[in-house]
Amino acid sequence: MTVKADYARNFVWAGELTSSELERAAAGIVERNYAKGSYICHRDDKFDYWTGVVSGLIKLSTIGLTGKATTYAGVGRGGWFGEGSVLKGEARKYDIVALRDTRLAMMNRATFVWLHENSIGFNHYLLRQLNERLGQFIAMVEHDRILDAKARVARNLSWLFNPVLYPGTAQTIEITQDELALLAGVSRAVTNRSLQELQAEGLIVVEQGAVSVRDIATLTRYGD
DNA sequence: TCATTAAATTGTT
DNA sequence: AACAATTTAATGA
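In this note's numbering, the protein residues as written are 401 to 624.
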């Protein structure tokens, strides 16, 4: 199979590009593997790539002066991030950490800017992504102070299921409770209990090494 | 294909 | 953090 077809199958935005645009995009992408637990980029690093998750799982987070970690978002297979930093040419404002062995696709800045300036389909995707992410951040700011552990778990789960950002994602995502605990910033025990309660409420179905979502809408607004 | 073992994950304290 | 129970993966007969 060609690299082009590979991207078209795995990445939503690739499906919105013309054939020649996709060819140009593929030429500007390199892939790289990261081991579980390793840092892909530290805060304030210059990391001039628009980055997608080919396989694995990562989180975007910062560690405050008190040592408490705040996760901004988890990104699973098919998710892309960093458009803000690339567009503005800024250093990253967060750490990027691989929660499990992860393969990333990294598009260089020149290619990203070219797509932004030339591809209508690409901009449609970008706009959707920015809008959706804005909604997530607003919800996070709005509720951060009162979110209990269960709501944090629910919210982090909903990120990974977002049907707008990851339309290809099935109803089931492969994530262990251990990984979800790292994302939500709570203990594994609390994650386990939260998942059982969410399951009892009919929002999800807990499986071995995976979670199925039955009610994404309620899950996203959990804690409201 | 089945049985055994190792490793991973879950549920509980 | 530690422990037991359960599930999955890997191996080889």
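All C-beta atoms, glycine included, are put in the ideal place defined by N, C-alpha and C.
These numbers were taken from a predicted model, which means no experiment stands behind them.
Under the three-state reduction of DSSP, residue 481 is assigned to strand. For residue 515 and residue 603, the gap between their C-alpha atoms comes out near 38 Å.
With contact defined as three or more Cβ pairs closer than 8 Å, the region 531–539 and the region 487–500 are not in contact.
By a beta-carbon distance limit of 8 Å, residue 432 does not contact residue 453. Their separation comes to about 12 Å. Secondary structure remark: continuous beta strand (DSSP E) runs of at least 3 residues inside the region 419–456, in chain order: 429–434, 439–441, 449–455. For the region 465–537, the continuous alpha helix (DSSP H) assignments of 4+ residues that do not extend past its boundaries occur at 483–488, 509–518, in sequence order.
Beta-bridge annotation (DSSP): residue 554 is not paired with any residue. Scanning 405, 509, 590, 579 for the CA closest to the CA of residue 450 turns up 509. Here residue 416 is not near residue 566, since their CB atoms are 8 Å or more apart.
Contact annotation: residue 456 and residue 551 have beta-carbon atoms that are not nearer than 8 Å. For the pair residue 559 and residue 482, the CB atoms are not nearer than the 8 Å cut-off. Note on residue 520: under 16 other CB atoms within 10 angstroms of its CB, so exposed under the neighbour-count rule. Taking the CA atoms as reference points, residue 536 sits about 31 Å from residue 424. The alpha carbon of residue 418 has as its nearest neighbour, out of 607, 522, 620, the alpha carbon of 522.
By the neighbour-count definition (other C-beta atoms within 10 Å, threshold 16), residue 578 is an exposed residue.
In the DSSP assignment, residue 611 falls within the beta strand (DSSP E) that extends over 610–613. Remark: fewer than three beta-carbon pairs, one from each stretch, lie closer than 8 Å, so the region 486–495 and the region 604–612 are not flagged as touching.
Per DSSP, residue 618 is one residue of the alpha helix (DSSP H) stretching across 616–620.
In the DSSP annotation of this structure, the continuous segment of the beta strand (DSSP E) that includes residue 462 starts and ends at 458–463. Per DSSP, the unbroken alpha helix (DSSP H) holding residue 579 starts and ends at 577–584. Closest option to residue 539, judged by alpha-carbon separation, among 460, 414, 621, 429: 621.
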